[in-house]
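In the working numbering, the protein residues as written are 27 to 213.
Quick reminder that beta carbons are idealized off the backbone N, C-alpha and C, glycines included.
It should be emphasised that the depicted structure is a prediction, and the values quoted were computed from it without experimental measurement.
Structure (structure tokens):
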């Protein structure tokens, strides 16, 4: 199984009208390190697929984004968690490519890198664009209610994006994934 994660609202606090522009602004959500560590322990690769229009808009550069991600990785490492790959789309909304969600480009890149099919892939996000990207890539979708997720759910998930599993947060999503994949016990 390949687990793909959106970043803002899934791993760290989302700033609805702004961006994480420095490592100091990166505020991790509770218990995400433990959740990622549980995925790692299962042996499943974990990758981040995140839109970062702040680069395309000239708000930060790729070097600063790298420092932000180094901080994120350091936070996760405190719980013995790791991210196996990171994909980001720097495109601004007015010049988006297929890589920028709702496009499926980053998800397809991740599946190619890890040699997984859509049936072997799950995307966990908090927005309609995450669900759209997952549907376009043909992968299982989990909406977390953290970040923009509660509002996304309240606004109604478009029927063409269903089925979608709804979880309270990343920890709950991981609980569901691990329960779904537990081999049956025999007596």
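Note to self: I'd like the span of the alpha helix (DSSP H) that includes residue 190, first residue to last.
What the structure shows: Neither: residue 190 is in no alpha helix (DSSP H) and is coded neither H nor E.
Next item on the list: Thinking residue 106 and residue 63 are a contact (beta carbons under 8 Å), I'd like their distance in whole angstroms, please.
Entry: 5 Å
Notebook entry, point to check: How is the beta strand (DSSP E) around residue 151 delimited, first residue to last?
Noted result: 147-151
Check: So, residue 75 versus residue 133, is the Cβ gap smaller than 8 Å?
Finding: yes
Notebook entry, point to check: Which first and last residues belong to the beta strand (DSSP E) in which residue 170 is found?
Noted result: Per DSSP, residue 170 belongs to the beta strand (DSSP E) from 166-170.
Check: Just curious, the alpha helix (DSSP H) that residue 37 is in, first and last residue?
Finding: Unbroken run through residue 37: none, as it is neither H nor E.
Check: Hey, quick one: how far does the beta strand (DSSP E) through residue 30 stretch, first residue to last?
Finding: 28-31
Check: Whose C-alpha, out of 139, 117, 49 and 207, is nearest the C-alpha of residue 73?
Finding: 139
Notebook entry, point to check: Pick from 190, 45 and 130: whose alpha carbon is nearest that of residue 85?
Noted result: 45
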